[in-house]
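Please read the structure below before turning to the comments.
In full-length UniProt numbering, the protein residues as written are 1 to 836.
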């Protein structure tokens, strides 16, 4: 049993090109050519892309069948992508400073990638997940081949080979529930035709070994017929599986005894699915003495079509029930009205079995799911419980005819495209769905908007928490529109190692050391900036020593800063208003504001209250045993307050250490979203080398997404039916999921129960220095307890609404938030931060 998905090379090429454009291409290379020093400014991934079969086959493909496990050598699918390398003169970089330099030379080369589709971590006969893999093969130089020296070719190929595309994992686990058995890939392959205008991908989910060398060496039969995509589904997937599911479902129907069938067959002329079954309708004929049973034959025909201009899949169900015994039919005066209560019970009783659910669930949903998985598409209309959608989209025409129309509307995550269904037809192997991809746009690579330089100067730097110091420093701030970014920065030509450079997200700070030799012979500070969109050479004039007047003024400023902190700490009561200082993003209306407030040196009786500008209380907090209160608040952009009020309720004595407070504001912009599984159990970030991974799990599956480029999340791994343990730091337990967590804290909850209401969420978030906590969410807000002593839980924080950590995961620059009402996990990226 198999799926075969075909794409036009134009669509496939654009998707691959967008994936390449999503890679941060950071190149810090320079070389001499024709007696001139050149620097690689940046590379552009141009629109030129072609696909073909490898000329000399080198791909070793293993195939499992019912008879054996063998391999053969077949050609790779090869993708040739045009890459234009832009070179700038080193002298131009010196002259232009923070401004972008125009390329002096440019040339286009064509790296070639081998593309394969493989079953990974497979066990013989049991299969595994499928990955689409990309491996750099070689570079074609075209007319430049004779002009580029071999040493430069080696450098070019080394640079291109270092920027590899990560594999894409195709998630088949969603079919497990629909087919009521584990679904993994046994064999898989990808190829193209000799004209290079279509791509064919085949995945086998049973060991029938239909995937033979001919699939790779011969031209696949085109299914596109002018469309962007087409999907052929092996008819056995729904005929065999539907028969089993219907039989299992009918076991629970007390008013109908299955005696014959069900048999399910595929009719390509419809295209249609035919179902035949027979049995006894219990107590069908009313008699004076007793009701008697009646033999019934049921024939169901489901005809599939796509009405013009609707982009919907229509399924017309025709039910033909009849008595199989003529004597019973005459004795009971059988009519459709008499049979329908029994046959209808079999097919439409919501409390027991919903036959259209099985037909749609086994046939339609896997088709949609498979296409969605290949494109990393998020479902918009259908849910895993298809019976709910069936109720909205189906209409009864009469007792024997029902008609359903299901939306086929999916967006391509991060690319802006939409998969549209235009046609369905049947061939003997199974149905073919096909259509167009609308609004597929090129990946937005962003831009460098500005490079701002602050020259060396003496200044007071620091914070209330760490103290204030007199320093001399320069800074460079790079304004970006993501995913454009600063890659690296380094000092150029510093023979005395005078300067120290520190790089932040988009800001660079440089400090001089004022070494005696440098003071005697100062020289400018030169910095090489490497961004995804070009290189800059920044020259900052040398710093100078302090004058006597500067020394006095700076010391006065430092003392004033300390006094300001002291005033804030000593006179923090009754109320301090703090404004939000970061402007909202310009590229999205969906963003989050994160406030992090740390107050230390608090006394046991102190309490901090946080209110919005309208005076509505948001949070109140008590200090930990070490006198620290760490407050974090998260607001959606449209509902975020412009300022917060902090009030300290406590007594300040002269002999006590002053309260210290530090506030950090971080702005997060929405980057993408992915479908959230039902019964989400875990949501967290992880690291794999330099890659940022988002990990989320349901009861039976664990997904890993590479979110290093958060606008285009890429599925990296899937563990089906994993027996993971819910992390203690997560607070995403609701309804039936809460039982196990309550059990873990049963003794503690017994102590707290008199003051708790109806529990809706429970968990152990990681808060500051606290080693063990318990959060209990109720209908109105929730309470956080310190469980350092489980027999004496201490109330620490009381939330009037949903706390930041519920349904949220946070990393250094990324934030993920579960939106159960949308069925999505939203991914955000930090774009600005301020410390007050």
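We put the beta carbon where it would ideally sit given N, CA and C, even for glycine.
- By the Cβ neighbour-count rule, residue 626 is exposed, with fewer than 16 other Cβ atoms within 10 Å of its own.
- With a beta-carbon spacing of about 6 Å, residue 445 and residue 21 fall inside the 8 Å limit used to define contacts.
- Using a Cβ distance threshold of 8 Å, residue 707 and residue 814 count as a contacting pair.
- Annotation: residue 10 is outside any beta strand (DSSP E); the continuous alpha helix (DSSP H) that includes it extends over 9 to 21.
- Excluding the 5 residues flanking it on each side, residue 312 has same chain C-beta neighbours closer than 8 Å at 306, 405, 406, 407, 408 and 421, in chain order.
- In the three-state reduction of the DSSP assignment, residue 519 falls in the helix class, which pools H, G and I.
- Secondary structure at residue 796: strand, using DSSP grouped into helix, strand and coil.
- Looking at the DSSP output, residue 663 sits in a beta bridge with 597.
- Residue 592 has its alpha-carbon roughly 17 Å from the corresponding atom of residue 835.
- Here DSSP, grouped into helix, strand and coil, assigns residue 152 to helix.
- The segment 50 to 63 makes no contact with the segment 493 to 501; the number of CB pairs closer than 8 Å stays below 3.
- Here residue 219 has 193 and 194 as same chain residues with Cβ atoms under 7 Å from its own Cβ, once five neighbours each way along the sequence are excluded.
- DSSP, reduced to helix, strand and coil, places residue 132 within a strand of the structure shown.
- Relative to residue 128, the option among 478, 774, 154 and 186 whose CA is nearest is 186.
- Contact annotation: residue 503 and residue 489 have beta-carbon atoms nearer than 8 Å.
- Judged by DSSP in its simplified three-state form, residue 236 adopts helix.
- It is roughly 14 Å from the alpha-carbon of residue 611 to the alpha-carbon of residue 596.
- Taking the Cα positions, residue 711 is about 18 Å away from residue 479.
- Here the segment 543 to 560 makes no contact with the segment 636 to 647; the two share fewer than three CB pairs at distances below 8 Å.
- Taking C-beta separations shorter than 7 Å and ignoring five residues to either side along the sequence, the partners of residue 236 in its chain run 1, following chain order.
- Straight across, the Cα-Cα distance linking residue 805 with residue 767 is about 9 Å.
- In its chain, beyond the 5 residues on either side, 403 have a beta carbon closer than 7 Å to the beta carbon of residue 397.
- The Cβ neighbour count for residue 234, taken over all protein chains shown within 10 Å, is at least 16; the residue is labelled buried.
- In this structure residue 680 is in contact with residue 696, their Cβ atoms being roughly 6 Å apart against a cut-off of 8 Å.
- Of the other Cβ atoms in all chains shown, fewer than 16 fall within 10 Å of the Cβ of residue 789; this residue is therefore exposed.
- In the three-state DSSP reduction, residue 158 falls in the helix class (H, G or I).
- DSSP places residue 488 inside the beta strand (DSSP E), whose first and last residues are 486 to 492.
- C-alpha of residue 115 to C-alpha of residue 646: approximately 57 Å in a straight line.
- With contacts defined by Cβ atoms closer than 8 Å, residue 133 and residue 111 do not form a contacting pair.
- A buried status is given to residue 764, since no fewer than 16 other beta-carbon atoms sit within 10 Å of its beta-carbon.
- For residue 472, the enclosing beta strand (DSSP E) covers residues 467 to 481.
- In chain order, 276 and 320 place their CB closer than 6 Å to the CB of residue 299, counting only its own chain and leaving out the 5 sequence neighbours on each side.
- By the neighbour-count criterion, in which 16 or more other beta carbons inside 10 Å mark a residue as buried, residue 518 falls on the buried side.
- Selection 533, 510 and 441 evaluated against residue 447 yields 533 as nearest (Cα-Cα).
- In the three-state scheme derived from DSSP, where H, G and I count as helix and E and B as strand, residue 812 is classed as coil.
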